[in-house]
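According to the working numbering, the sequence shown is numbered sequentially starting from 1067.
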Amino acid sequence: DAGIWEIRGGQQEFSYSRLMAWVAIDRAIRLAQKRSFPAPLNEWYTARNAIYRDIYANFWDADRATFVQYKGTKAVDASTLLMPLVRFISPTDPRWISTMRAIREDLVDDSLVHRYKIEEAADDGLAGMEGTFGIASFWYVEALGRTGDIDKARFIFEKLLGYANHVELYAEELGPHGEHLGNFPQAFTHLALISAAFDLDRRLSSAGRGA
1067 DAGIWEIRGG
1077 QQEFSYSRLM
1087 AWVAIDRAIR
1097 LAQKRSFPAP
1107 LNEWYTARNA
1117 IYRDIYANFW
1127 DADRATFVQY
1137 KGTKAVDAST
1147 LLMPLVRFIS
1157 PTDPRWISTM
1167 RAIREDLVDD
1177 SLVHRYKIEE
1187 AADDGLAGME
1197 GTFGIASFWY
1207 VEALGRTGDI
1217 DKARFIFEKL
1227 LGYANHVELY
1237 AEELGPHGEH
1247 LGNFPQAFTH
1257 LALISAAFDL
1267 DRRLSSAGRG
1277 A
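1. Rounded to whole angstroms, what's the CA-CA distance from Ile1184 to Ala1141? Just pull it up for me.
2. I need the boundaries of the alpha helix (DSSP H) containing Arg1114, first residue and last residue.
3. From this set, Gln1077, Asp1267, Asp1172, which residue's C-alpha is nearest Asp1217's C-alpha?
4. Could you check the C-alpha separation between Phe1154 and Arg1114 for me, to the nearest Å?
5. Hey, quick one: how far does the alpha helix (DSSP H) through Ala1168 stretch, first residue to last?
6. Please name the residue, chosen from Gly1200, Ser1177, Leu1210, that lies closest to Leu1270 on a Cα-to-Cα basis.
7. Could you check the C-alpha separation between Leu1226 and Asp1215 for me, to the nearest Å?
8. Measuring CB to CB, does Thr1198 end up less than 8 Å from Leu1178?
9. Taking the alpha helix (DSSP H) that Asp1265 falls in, what are its first and last residues?
10. Which two residues bound the contiguous alpha helix (DSSP H) that contains Gln1099?
11. Starting from Ser1203 and walking both ways along the alpha helix (DSSP H), at which residues does that stretch end?
12. Tell me whether Thr1139 sits in a helix, a strand or coil according to DSSP, three-state version.
13. When every heavy atom of the ligand SAH is checked, does at least one fall within less than 7 Å of the C-beta of Ala1168?
14. Around the Cβ of Tyr1122, are there at least 16 other Cβ atoms within 10 angstroms (buried) or fewer (exposed)?
15. How many angstroms separate the CA atom of Tyr1206 from the CA atom of Leu1257?
16. To the nearest angstrom, how far is it from the Cα of Arg1212 to the Cα of Asp1159?
17. Give the straight-line distance between the Cα atoms of Leu1151 and Ala1128, rounded to the nearest whole angstrom.
18. To which residues of the same chain is Phe1250 closer than 6 Å at the C-beta, ignoring the five residues directly before and after it?
19. Could you work out which residue in Ala1094, Phe1204, Leu1107 is closest to Phe1264 when comparing CA atoms only?
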């Protein structure tokens, strides 16, 4: 498919799409069990576990120790930040810690997060450069909090709040000088902000360090 970023340069087998297939089946299993709904649970278990194994086997770069954007590439993608957020992997798993390191090295620019490196990732069919993505930056905040780096998560979260406009809204992207680029206002950016804020507040409260 074209993945979360709607890549226009040709279809690939994207890790994000595999991850969301795993999420759909996993949540269906949980819902059926909790509500006692009739369901082919054995078939769902088999499918879910097959996807899980596929992601580890085919979307993992052993040389660099990171999950990648699509099968066969070495490019890192910000959408992998969702892995611990959807409970696919523990945020303290060594494989996730090394993935965070790769994301930080390749995609993070002064606390703001790019979707991917244009020169390495799947061809998106668009000319020129692009800004950092608000949704990815707030995913990064939440992923940091879940790994236990609460201080850094809070620092970056508060820094990101400073990029909102005069009515506290965000665009899809931020330019190198904090200018708003792309769709405005962008709902997905605000959804990621809310999720990051909720998770960070809960962790700070648990640590006795309320906002």
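For every residue, glycine included, the Cβ atom is placed at its ideal position computed from N, Cα and C. None of these values were measured; they are calculated from a predicted model.
Taking the definition as stated:
1. If I take the Cα positions, the gap works out to 9 Å.
2. Arg1114 -> alpha helix (DSSP H) spans 1107-1124.
3. If we check each option's Cα against that of Asp1217, Asp1267 comes out closest.
4. Going by the C-alpha atoms only, they are around 11 Å apart.
5. Start and end: 1160-1173.
6. If we check each option's Cα against that of Leu1270, Leu1210 comes out closest.
7. Leu1226 and Asp1215 have their alpha carbons spaced roughly 17 Å apart.
8. Yes, the pair counts as a contact, with Cβ atoms nearer than the cut-off.
9. 1253-1272 is the extent of the alpha helix (DSSP H) around Asp1265.
10. Following the DSSP letters along the chain, one finds Gln1099 inside the alpha helix (DSSP H) bounded by residues 1081-1101.
11. Boundaries of the alpha helix (DSSP H) around Ser1203: 1200-1213.
12. Secondary structure of Thr1139 (DSSP, three-state): coil.
13. What this structure holds is no ligand at all, so the ligand SAH is not there to describe.
14. By the Cβ neighbour-count rule, Tyr1122 is exposed, with fewer than 16 other Cβ atoms within 10 Å of its own.
15. Each residue's Cα considered, the two are about 13 Å apart.
16. Between the alpha carbons of Arg1212 and Asp1159 lies a gap of roughly 11 Å.
17. Rounded to the nearest angstrom, the two C-alpha atoms are 22 Å apart.
18. Cβ-Cβ distances below 6 Å link Phe1250 to Ala1237 in the same chain, with the five nearest sequence neighbours on each side left out; the list follows chain order.
19. Measuring from the Cα of Phe1264, the nearest candidate turns out to be Phe1204.
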